[in-house]
Amino acid sequence: MADKPATKTDHAETHTEPTPAEEAAARAKEAEEQNALPYKWQQTIADVDVTFSVPGNYKSRDLVIDLKKNTISAGVKGQDPIIKGDLPHAIIVDDSTWTLASAADGTKTVEIHLDKVNKMEWWPHVVKDAPKIDVSKIQPDTSKLSDLDGETRGMVEKMMWDQRQKEMGLPTSEEQKKLDILKKFQAEHPEMDFSNAKIS
Numbered sequence: 001m002a003d004k005p006a007t008k009t010d011h012a013e014t015h016t017e018p019t020p021a022e023e024a025a026a027r028a029k030e031a032e033e034q035n036a037l038p039y040k041w042q043q044t045i046a047d048v049d050v051t052f053s054v055p056g057n058y059k060s061r062d063l064v065i066d067l068k069k070n071t072i073s074a075g076v077k078g079q080d081p082i083i084k085g086d087l088p089h090a091i092i093v094d095d096s097t098w099t100l101a102s103a104a105d106g107t108k109t110v111e112i113h114l115d116k117v118n119k120m121e122w123w124p125h126v127v128k129d130a131p132k133i134d135v136s137k138i139q140p141d142t143s144k145l146s147d148l149d150g151e152t153r154g155m156v157e158k159m160m161w162d163q164r165q166k167e168m169g170l171p172t173s174e175e176q177k178k179l180d181i182l183k184k185f186q187a188e189h190p191e192m193d194f195s196n197a198k199i200s
């Protein structure tokens with residue numbers, strides 16, 4: 001009995017852009033997941049701010065807040081923490097702080113400021129077991145970018161571009177540079193066969 005010829009099943013993955021409807025659905029799902037969290041958070045490229053409300057009669061001594069290089073735990077004494085878990089990336093503990101501020105509605109707000117060690121990367125979430133946001137969709141605050149010196153700003157913009165390219169399955173700036181060099185070389189040497197050339 002002759003062996004059947006092996007059929008090739010591994011199709012090259014084609015990355016297609018989501019339709020506006022898919023994009024809107026993904027945004028809505030992300031917003032719903034984030035709104036369901038017992039805290040709110042926002043970030044710049046350099047830091048993360050987490051806030052949650054507590055009753056207006058609470059004092060600092062009623063809270064238990066523990067910030068470590070790779071973990072966070074924060075909440076009310078004697079209750080389950082409102083946020084607890086491993087951070088996706090390290091923080092500078094000495095530059096990370098928290099305060100208890102009075103809100104207009106009579107409650108108080110716990111404000112936790114986390115200073116990122118790596119000021120060149122967006123966080124997909126505050127703790128690893130929380131739902132992720134799509135970091136490729138983050139639009140940085142241009143006023144914050146303009147605060148950076150030229151070289152750092154260039155690095156941040158390049159890093160963000162590379163991150164978006166990776167998300168879309170496209171070459172990063174370094175990979176693109178290599179591809180361009182190879183194309184130029186191919187054009188100059190049409191007699192050479194580059195069909196098996198691999199770029200690493």
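The opening residue of the sequence shown carries number 1 in full-length UniProt numbering; numbering runs sequentially from there.
Glycine included, each C-beta is placed from N, C-alpha and C at the ideal position.
Model, not experiment: these values are computed from the prediction.
Check	Outcome
Return the Cβ separation of TRP123 and GLN34 in integer angstroms, given the expectation that the two are a contact with Cβ distance under 8 Å.	13 Å between Cβ atoms; not a contact.
If ALA46 sits next to LYS69, beta carbons under 8 Å apart, how far is it from one beta carbon to the other, in whole angstroms?	The Cβ separation is near 16 Å, so there is no contact.
If VAL110 and VAL54 are in contact, beta carbons under 8 Å, what's the gap, nearest whole angstrom?	6 Å
Leaving out five residues before and five after GLN165 in sequence, what residues of the same chain have Cβ atoms less than 6 Å from its Cβ?	THR172
On the DSSP letters alone, give me the boundaries of the alpha helix (DSSP H) that SER173 sits inside.	173 to 188
Is it buried or exposed, HIS125, if we count other Cβ atoms within 10 angstroms and call 16 or more buried?	buried
Using the Cβ count rule (16 or more neighbours within 10 Å means buried), how would you classify TRP41?	buried
Report the residue ranges of all beta strand (DSSP E) runs contained in full by the segment 86 to 158; include only those spanning at least 3 residues, in chain order.	97 to 102 and 108 to 115
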